[in-house]
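Here is the structure we will look at, set down as C-alpha cells.
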Amino acid sequence: MATNATIYKAVLQVSDLDRHYFQDHTLTLARHPSETEERMMVRVLAFALHAHEALSFGRGVDTEDEPALWQRDATGAIDLWIEIGQPDEKTIRQACGRSKQVVVYVYGARGAEAWWENQRTSLDRLKNLVVILLPIESVRSLAGMANPGMQLQLTIQDEQVWIADGTQTLHVELQRLKSGG
0 MATNATIYKA
10 VLQVSDLDRH
20 YFQDHTLTLA
30 RHPSETEERM
40 MVRVLAFALH
50 AHEALSFGRG
60 VDTEDEPALW
70 QRDATGAIDL
80 WIEIGQPDEK
90 TIRQACGRSK
100 QVVVYVYGAR
110 GAEAWWENQR
120 TSLDRLKNLV
130 VILLPIESVR
140 SLAGMANPGM
150 QLQLTIQDEQ
160 VWIADGTQTL
170 HVELQRLKSG
180 G
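Numbers 0 to 180, taken from numbering that gives the first Met the number 0, label the letters of the sequence shown in order.
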C-alpha cells in the first residue's frame, strides 16, 4: 500500500442483473495523498461494475505499468484492464495490446467530453476498447458517500447503477462512448 495513504474499508453488496452476478465483496482501499475521493470512488464503482473473484486493484496512481483495476486468468494473462480518468492515447494503446479487453471510465469537471473528441479518431480502431463517460454530478455525489467504513449496495441493470449507503441512494447513468468489438 502507498506510503501515507489513507485506508478505507468498503463492503459492497453487488447485484448485477445484466450478468446475473450477486455477491458481497470486502475491499481495502489505499487512497494515495494525490488521489481525490472522486477518483477513489470511481475505482469502487468500476470494481462493482466488473466484480469478479479475480478482479484486483493496481498498485496506485503513481504506477505507470499497471491499471486502476485488472483481472488476470490462471496463467497470468490479462483478461481485463480498467483505466480511470483521462489516460493518454499511448497508455490505452499499450493496454489494448496487453489485455483481452480494456475499459476506460472517463469523468471530469473540465474536459471529459473534449478528451473524448480529441481521442476518438485514434481510439476508434482499437477493437477491444470500451469507453464509458460518467456524469460529473454523479461522481461528485458518489464521492460524498466515501468514508473509512463504507457499506454500499449496488444494483446494476441496463447501463444504470443505483448505489445506496443506508442514508441516501444515488442513480448513475453510464454513457457508453465506444463499445468494444
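Glycine included, C-beta positions come from ideal geometry on N, C-alpha and C.
Chain B within 8 Å of residue i, Cβ atoms only
i    : result
S140 : Chain labels in this structure do not include chain B; a single protein chain is all it has.
Own chain, CB closer than 8 Å to residue i, minus 5 neighbours either side, in chain order
i    : result
E112 : L132
E82  : P66, A67, T90, I91, A94, V101, V102, V103, Y104
R97  : I77, W80
G75  : none
Proximity winner among the options, relative to residue i (alpha-carbon distances)
i    : options                : result
T90  : R109, L125, Q174, L151 : L125
Q150 : I6, L11, T5            : L11
A4   : M39, T25, Y20          : M39
A53  : L26, Y7, W161, W114    : L26
N117 : L176, A73, T74         : L176
G110 : G84, E88, S121         : G84
V129 : W115, D64, E136        : W115
A9   : V138, E136, V43, V160  : V43
Residue i and residue j closer than 8 Å at C-beta
i    : j    : result
D17  : Q156 : yes
Q100 : G179 : yes
P134 : E172 : yes
V41  : L153 : no
E88  : S55  : no
E37  : V160 : no
Paired residues, beta bridge with residue i - DSSP
i    : result
V105 : L132
R9   : Residue 9 is actually Ala in this sequence, not Arg. Paired residue(s): L26, M149.
W161 : T154, H170
W80  : W69, V101
S121 : Per DSSP, none; premise fails for S121.
F56  : L68
R175 : I131
S14  : F21, T154
Proximal residues to residue i (C-beta, below 6 Å), its chain only, five neighbours per side dropped
i    : result
G148 : K8
D123 : none
D72  : D78
7 Å Cβ shell around residue i - same chain, five flanking residues per side excluded
i    : result
S140 : L169
Pairing CB atoms from the stretch 136-151 with CB atoms from the stretch 165-176, are three or more of them under 8 Å? yes
Contact between the stretch 102-111 and the stretch 41-51: three or more CB pairs below 8 Å? A contact exists between the stretch 102-111 and the stretch 41-51.
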